[in-house]
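Take 21 as the starting number for the sequence shown in our numbering and just add one per residue.
Glycine included, each C-beta is placed from N, C-alpha and C at the ideal position.
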Amino acid sequence: MTQENKNLITNYSSAKFSWLKSGGNISHLYKVHNQIELNNLFIQNDIKTKSFLVIGNLSNTLIKDEGFKGIGIKLLGDFTDVQVNSDHMLVGAAVLDNYLSKFCYQKSITGYEFLFTIPGSIGGNIFMNAGCYNQEIKDKLISVIYYDANQNKIFEKNISELQFDYRKGFQKNNTIILYGKFKITYKDQDYIKSLMNEYDIIRKQSQPQKVNCCGSIFKNPKNQSAWRLIKSSIDESFYNGPIKLSRTHSNFFENEPNISANSIDLFISKIQKRVKDKHKIMLEKELRIID
Ligand SMILES: Cc1cc2nc3c(=O)[nH]c(=O)nc-3n(C[C@H](O)[C@H](O)[C@H](O)COP(=O)(O)OP(=O)(O)OC[C@H]3O[C@@H](n4cnc5c(N)ncnc54)[C@H](O)[C@@H]3O)c2cc1C
Numbered sequence: 021m022t023q024e025n026k027n028l029i030t031n032y033s034s035a036k037f038s039w040l041k042s043g044g045n046i047s048h049l050y051k052v053h054n055q056i057e058l059n060n061l062f063i064q065n066d067i068k069t070k071s072f073l074v075i076g077n078l079s080n081t082l083i084k085d086e087g088f089k090g091i092g093i094k095l096l097g098d099f100t101d102v103q104v105n106s107d108h109m110l111v112g113a114a115v116l117d118n119y120l121s122k123f124c125y126q127k128s129i130t131g132y133e134f135l136f137t138i139p140g141s142i143g144g145n146i147f148m149n150a151g152c153y154n155q156e157i158k159d160k161l162i163s164v165i166y167y168d169a170n171q172n173k174i175f176e177k178n179i180s181e182l183q184f185d186y187r188k189g190f191q192k193n194n195t196i197i198l199y200g201k202f203k204i205t206y207k208d209q210d211y212i213k214s215l216m217n218e219y220d221i222i223r224k225q226s227q228p229q230k231v232n233c234c235g236s237i238f239k240n241p242k243n244q245s246a247w248r249l250i251k252s253s254i255d256e257s258f259y260n261g262p263i264k265l266s267r268t269h270s271n272f273f274e275n276e277p278n279i280s281a282n283s284i285d286l287f288i289s290k291i292q293k294r295v296k297d298k299h300k301i302m303l304e305k306e307l308r309i310i311d
């Protein structure tokens, strides 16, 4: 990993920073602190001929061992700010969930307690329509502010114009999510704190802790639980080895650090095949695997 200039890192190691502690390099990663830098990056570089990948907190991304040869983009600076206005909250895409949840508690804003337990960023949440405990990011959003790299322009789209679905949020090609405009409702801090604690306890009881993992591997098929389908399809061998299913939650795996990303991908495919053979259901990956 080399810092070429203050905003460019070559051979950025995703394994070093991802929640899985695995993954190939991003050949060129640009750090972007504000809208001017973003515009300059797209105007001055020949990016349009290459593919680009925006990274958030890498809690739901696995880059295959061959690495990502396009342009990586990491938002920082202005995009880490939260601004509370009279009727909405403007949240930068690089703001971390846990930070936002605690920030809202400090300001007595309710509705963001569930984010206390998700290890992503607001950009990643909006991309994935992240959620838990019967809440999703789409329920809290008023609009998404994004950069359209084809037109070199910033747009704002109201949530009513967007087709968010279960674990499928704002996934428009060649765009970068810059900010989310969020609803605000006030409540007393004791209520907010108790909800954060409640979610934290549920999370600790139901999911593996202090291990390398990516959260749920697969989306739940309609009216089914991925973990149940997996549990009923696999044998004991899936619970052993350097990449293994979690005994706490069978839709999670745990892996040793620096394990090959391709071997994780293969492990996931094997689970998929077992479930397909047994239940005739093809599980859809929630984890983003990047070639
Ligand atoms: C322990 C653990 C628990 C988890 N629990 C949950 C849970 O309860 N609910 C849940 O929904 N998820 C959960 N996840 C998954 C993950 O945290 C979420 O999907 C989160 O929204 C990903 O955010 P991120 O910033 O880490 O995204 P990344 O992994 O960095 O990126 C995910 C995708 O979003 C895109 N992206 C990120 N930022 C931007 C941007 N600014 N513009 C355009 N595209 C962008 C990336 O290109 C990538 O395709 C969990 C993960 C872990 C490790």
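Nearest residue (CA-CA) to residue i, options the options
i      : options                           : result
Lys70  : Phe175, Asn170 and Lys201         : Asn170
Thr195 : Lys203, Lys213, Ile165 and Lys224 : Ile165
Leu96  : Ser141, Asp107, Glu176 and Ile237 : Ser141
Lys207 : Asp255, Glu133, Phe190 and Asn149 : Glu133
Thr137 : Lys213, Gly200 and Lys305         : Lys213
Lys188 : Lys298, Lys251, Asp285 and Gly151 : Gly151
Gln209 : Gln126, Tyr119 and Val52          : Gln126
Lys158 : Phe123, Ser121, Phe202 and Ile129 : Phe202
Asn27  : Asn77, Val52, Val231 and Met109   : Val52
Leu61  : Asn105, Asp168, Leu215 and Ser236 : Asp168
Phe37  : Lys68, Ile56, Ser79 and Gln55     : Ser79
Asn105 : Glu86, Asn232, Ile129 and Asp98   : Ile129
Pro241 : His299, Leu286 and Phe147         : His299
Asn178 : Lys94, Asp185 and Ser163          : Ser163
Ile197 : Asn54, Asn31, Ile29 and Gln23     : Asn54
Gly144 : Leu182, Val74, Tyr211 and Gln23   : Val74
Val115 : Leu58, Gln23, Phe99 and Gln64     : Phe99
Asn271 : Asp297, Lys239, Gly261 and Lys290 : Lys239
Phe287 : Asn232, Tyr199, Gly261 and Glu218 : Gly261
Thr205 : His108, Glu306 and Asp185         : His108
Lys290 : Ile310, Arg308, Asp255 and Gln103 : Asp255
Asn118 : Asn217, Tyr211 and Ile56          : Asn217
Three-way DSSP call (helix, strand, coil) for residue i in this model
i      : result
Asn275 : strand
Leu73  : strand
Met148 : helix
Gln209 : helix
Ser163 : strand
Asp107 : coil
Arg294 : helix
Ile301 : coil
Lys158 : helix
Ile197 : strand
Ile179 : helix
Leu307 : coil
Lys188 : strand
Tyr32  : strand
Gln23  : strand
Ile204 : coil
Cβ neighbours of residue i in the same chain (closer than 8 Å, five flanking residues each side left out)
i      : result
Thr268 : Ser226, Gln227 and Pro228
Ile284 : Leu40, Ser42, Leu82, Ile263, Phe273 and Asn275
Asp185 : Asn149
Asn65  : Ile91
Sequence-distant residues of the same chain with beta carbon closer than 7 Å to residue i, five excluded per side
i      : result
Val295 : Leu249, Ile250, Ser253, Ile301 and Leu303
Gly43  : Ser34, Ala35, Leu82, Ile83 and Ala281
Met148 : Asn80, Arg187 and Gly189
Phe175 : Tyr166 and Asp168
Tyr219 : Glu133, Phe134, Phe136, Thr137 and Tyr153
Trp247 : His269, Ser270 and Asn271
Tyr32  : Met21, Asn45, Ile46, Leu49 and Gly92
Asn77  : Leu116, Pro139, Gly140, Ser141 and Gly144
Beta-carbon contacts of residue i that lie in its chain and below 6 Å, excluding the five residues immediately before and after
i      : result
Gln292 : Leu303
Lys160 : Gly131, Phe202 and Lys203
Asp101 : Gly112
Leu215 : Glu133
Glu24  : Thr30
Asp85  : Gly44, Ser280, Ala281 and Asn282
Asn172 : Phe62
Gln103 : Leu110
Cys124 : Tyr132
The stretch 44 to 54 touching the stretch 87 to 101, judged by at least three CB pairs closer than 8 Å = yes
Can you list, in chain order, the stretches of the alpha helix (DSSP H) that have 4 or more residues and sit fully within the stretch 116 to 144?
-> 117 to 126
Alpha helix (DSSP H) segments (min. 4 residues) lying fully within the stretch 34 to 103 = 34 to 37 and 55 to 64
Within the stretch 210 to 289, note down every full beta strand (DSSP E) run reaching 3 residues or more, in order along the chain.
-> 263 to 265 and 273 to 275
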